[in-house]
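Some notes on the structure that comes next.
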Amino acid sequence: MRLSIVFLNYNTRDLTRQALNSVLAAAEGLAVEIFVVDNASVDGSADMVAEEFPQVKLICNEANVGFAAGNNVALRQVTGEYVLLINTDTIVRQDALRTMVEFLDEHPEAGACGCKILDPNGTLQLDSRRGFPTPLAAFCKMSGLSRFFPKHPLIAHYHMTYLDPEQTAEVEVLSGSCMMVRKAAMDQVGLLDEDYFMYGEDIDWCYRFHQAGWKSYYVPTTSIIHFRGESGRGVPLRILYRKSRAMSIFVNKHMARRFRFFPLWLLQVGIALYGTFRLLARAGRALAMPLIDAGLVLCGLKLGLAVRYHQELVPFIYRIEQVGNLFGLDVQPTRWLVPPPYSDLQWAAVYGASTLVWLLAFYASGLYDRRRYSVAWSVVGVTLGFACIVMLVFFFKAYNFSRLAVVAAWFCNLLLIAGWRLAARWFLYQRGREGQLRTLLVGTDAVAVHFVEQLERTGMVHCDLIGVVGDGSQQRGCPLAGRPVVGHVGELEALVNDFAIDHLVFTPSAMASFLEQPVQSRGARDLRVSMVPVAFAEMVADRGAHDSAPLPLVEIRTGS
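Per my numbering, the very first residue in the sequence shown carries number 11; after that it's consecutive.
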């Protein structure tokens, strides 16, 4: 057996399917065994693997035991000369497995190697090759010095940004998202350290390889796409804690002996402060939109009260009362022609409670999730908050001074909340994207069908879908959801030129073919390249038939 491939799955069913398909295509001609260890997923991942990939050895754990312990279950059973640890949120290039196997064949001193790991937008993930987190390297990384001096071998040692990303190099640490190890080296140093629940185990493993005399290499002649964080999705606070905890464990295990005269408590304090800073930064990003909304709601409330109690509107208020009396309604706005004599604390309660109710209504309407820039759902959220406030004042009679003021505030907030989202959506998505782009869709799977159907529902607002590109010549001329298959991936560059294509859209399963050629060789310089996300159908499920909002695509190349 040449190669054993180990996946650890935790609630990533669709990504796991995509990763297995790309690995099976890349493993053609190699003697491989594939393990999928499922850490007690609840999304049907294990059933999917058992039904769709009978050739895969499925291991089901009874609990989520973590990354290291989960992988070790399979590592104890592998028989291959080489072992590949790979995440489920990856797509491998078709030559990736063979390239790394051949590299280890040609370099007997290598205990491990890893390829170029790319973000979905095509940029290099710095975790592809790293240095050990020595006190100096940790200080330069956490202080930000390495960003200012990325070419300095000492200051930028942790992420090794001084190395040419296109050149093979001996490095100290490889990423556990795609690491091929020699089984003989693994047998010598042992399995992954199960003291690490998630994160840090790859650094620890590479350190033990290094201590045992084995070398680790970065091999950029092949690549994978890594949808960073998808296979380790969880509560952000918990993730940050685990990362900080992992670094603390590594320092205690390995740095104490190597730097016995260095006060390692300083490094531990630095790790804690860095984790706290990252938590605050993440919290700031998460709270940015609610804080903007809170400021605008307060402005809307202030404007609503100003409109309600504006002296020039008193005659209008009298007319409202007269009309209400004609219909037998108990409308008495003239009881309050000036604002009520509340104390500062009471006014703070009015503004604070009303703002909180509206923010909760926005949250319930999905304005801080997938619908964050939806104008229609902004209207729903503002109206829902208005209804809740009207109901609440029935229970707090002392604050039921004017429903007209609430109506005025509702109208002002409608303009402010929906208006800023409309402006933000235009700024983020619409600017520079006017006109229809001549588009080719690469891929013929279920994701491609969902994409075409969504384009049809929205009336092809943002693109003119010329056709679909299939996997082989036998698909040419066959329709996919009513759209013609105009060629296969081997003809992609010619198709781009022949049809004057502005935009290539790949399905996740077709991304491996895109990795076979550099982006720069794809037709014109202004070609835009995107990928349909795995969860595309769920992301557009709530959209109306003629929703003109841009489709949620992963940008690989934006064009020039």
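Built from N, CA and C at the ideal position, the CB exists for glycine as well.
Those residues which DSSP pairs with residue i across a bridge
| i | result |
| --- | --- |
| P489 | P494 |
| V46 | F17 and L68 |
| S540 | V515 and E565 |
| R448 | D474 |
| L128 | L134 and I235 |
| A120 | K225 |
| Y217 | Answer by DSSP bridge pairing: none, since Y217 is not bridged. |
Residue i, DSSP secondary structure in three states
| i | result |
| --- | --- |
| G480 | strand |
| A547 | helix |
| Y209 | coil |
| R103 | coil |
| R292 | helix |
| R140 | strand |
| V93 | strand |
| P230 | strand |
| T286 | helix |
| E501 | helix |
| Q28 | helix |
| D455 | coil |
| S258 | helix |
| Q464 | helix |
| A73 | coil |
| L146 | helix |
| M265 | helix |
| E38 | coil |
| S55 | helix |
| P351 | coil |
| M110 | helix |
| M7 | Outside the shown range of the chain, which is 11 to 570, sits residue 7, and nothing can be said about it. |
| V307 | helix |
For residue j and residue i, the rounded distance between their alpha carbons
| i | j | result |
| --- | --- | --- |
| S388 | T22 | 31 Å |
| V416 | F405 | 16 Å |
| E61 | E176 | 40 Å |
| N97 | Y228 | 17 Å |
| V16 | L30 | 10 Å |
| T231 | S156 | 26 Å |
| N19 | N74 | 10 Å |
| G477 | R467 | 17 Å |
| R435 | A147 | 40 Å |
| L602 | Y319 | As displayed, the chain neither begins before 11 nor continues past 570, which places residue 602 out of reach and without an answer. |
| I44 | L114 | 19 Å |
| D481 | T454 | 8 Å |
| L289 | L475 | 42 Å |
| S241 | V360 | In this predicted model, S241 has a pLDDT of only 49, less than 50, meaning its place in the structure is not dependable; the value taken from the coordinates is given anyway. Rounded to the nearest angstrom, the two C-alpha atoms are 45 Å apart. |
| V544 | Q104 | 20 Å |
| L164 | G132 | 27 Å |
| A458 | K161 | 42 Å |
| D214 | L202 | 8 Å |
| S32 | D99 | 11 Å |
| L424 | P518 | 39 Å |
| P494 | T89 | 46 Å |
| P349 | Y383 | 35 Å |
| Q530 | L173 | Low per-residue confidence applies at Q530: pLDDT is 44, beneath 50, and the placement is therefore not dependable enough to give any value. |
Distance CB(residue i)-CB(residue j) smaller than 8 Å
| i | j | result |
| --- | --- | --- |
| S233 | K67 | no |
| I101 | Q28 | yes |
| G362 | L377 | no |
| E91 | K193 | yes |
| R486 | G497 | yes |
| P562 | M541 | no |
| L451 | F509 | no |
| G121 | F260 | no |
| F207 | F77 | yes |
| T365 | L308 | yes |
| M190 | L94 | yes |
| G186 | A256 | no |
| T171 | L128 | no |
| P130 | I235 | yes |
| V539 | L505 | no |
| L490 | V462 | yes |
Uninterrupted alpha helix (DSSP H) stretches inside the segment 150-201 (no shorter than 4 residues): At a cut-off of 4 residues, the continuous stretches assigned as alpha helix (DSSP H) that sit fully inside the segment 150-201 are 155-158 and 193-199.
Entirely enclosed beta strand (DSSP E) segments - the segment 356-438, minimum 3 residues: Fully enclosed beta strand (DSSP E) runs of 3 or longer: not present.
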